[in-house]
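Just below is one structure, and these are the notes that go with it.
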Amino acid sequence: MRLTILAALTVSLLAACSQDGQPLFSARDPAARDNPFAPALDPGGEAVDGLIVGHRLMEAGQYELALEAYTRAAGTHGLTGEVLTSLGSANLALGRLHQSERLLRRAVDTEPEWAEAWNNLGVVLMERGETAESAEMFRRAYALDNGESDAIRDNLRLALAKMENPGYGADGQQEYKLVRRGSGSYLIRPTT
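In my numbering, each number is its position in the sequence shown, counted from 1, plus 119.
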């Protein structure tokens, strides 16, 4: 009986070691020694805010994953203006214009003094071909921002140029910029 227990213990210890006899994982450093397996979850660790994760994924061009992160953030923060704007921006990046417009309109209703939400709504409207209304959204965003954002100013210029000359940019691709609270902006390129 003792021999069976000793053999089982030896086999289990060997199973936890690599070919050179070193353990595959360590209680102090779960990612040590080129472990091919993902580290274990730390139940005492803190989760990263879904908004931060979503913003990073948007910057990396991973719009579907960003949308999932923003959806998780909605569960944590509720449907705040920032969460609604983030969800709308991710939907816009995925080409879901109607969903994006609906979310961004809710965002400007929730936080009417937030320039970024007005700008992003203007981008959606421009994408949908509603140039006059998009120019008005960019004007509001520009006024609320006191003209400090280059992205908002550039979007307003594009919208005004397109209003004056409807054929403006018809041959080439125009670039509109989504902005988010804090530092950073997202560049949206319409597909032709």
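The beta-carbon is built from N, C-alpha and C at its ideal position, and this holds for glycine as well. Treat the numbers as computed from the prediction; the structure is a model and nothing was measured.
- Residues of the same chain with a CB within less than 6 Å of the CB of residue 191, apart from the 5 flanking positions on each side, are 169 in chain order.
- DSSP places residue 181 outside both helix and strand once states are collapsed to three, so it counts as coil.
- Around the beta carbon of residue 171, fewer than 16 other beta carbons lie within 10 angstroms, which makes this residue exposed.
- For the segment 215-285, the full-length alpha helix (DSSP H) segments reaching 4 residues or more read 216-229, 234-246, 250-263, 269-283 along the chain.
- For residue 200, the uninterrupted alpha helix (DSSP H) segment begins and ends at 200-212.
- The Cβ-Cβ distance between residue 278 and residue 245 falls below 8 Å.
- Contact between residue 203 and residue 234 does not hold, since their C-beta atoms are separated by about 15 Å, which reaches or exceeds 8 Å.
- Here DSSP, grouped into helix, strand and coil, assigns residue 166 to coil.
- Pairing residue 213 with residue 186 gives a Cβ-Cβ distance under 8 Å.
- With contacts defined as CB atoms closer than 8 Å, residue 237 and residue 259 qualify as a contacting pair.
- Less than 8 Å divides the Cβ of residue 223 from the Cβ of residue 240.
- Considering only 242, 251, 201, 229, the residue with the shortest C-alpha distance to residue 282 is 251.
- Collapsing the DSSP output to three states places residue 197 in coil.
- In this structure, the straight-line span from the alpha carbon of residue 267 to that of residue 243 is close to 21 Å.
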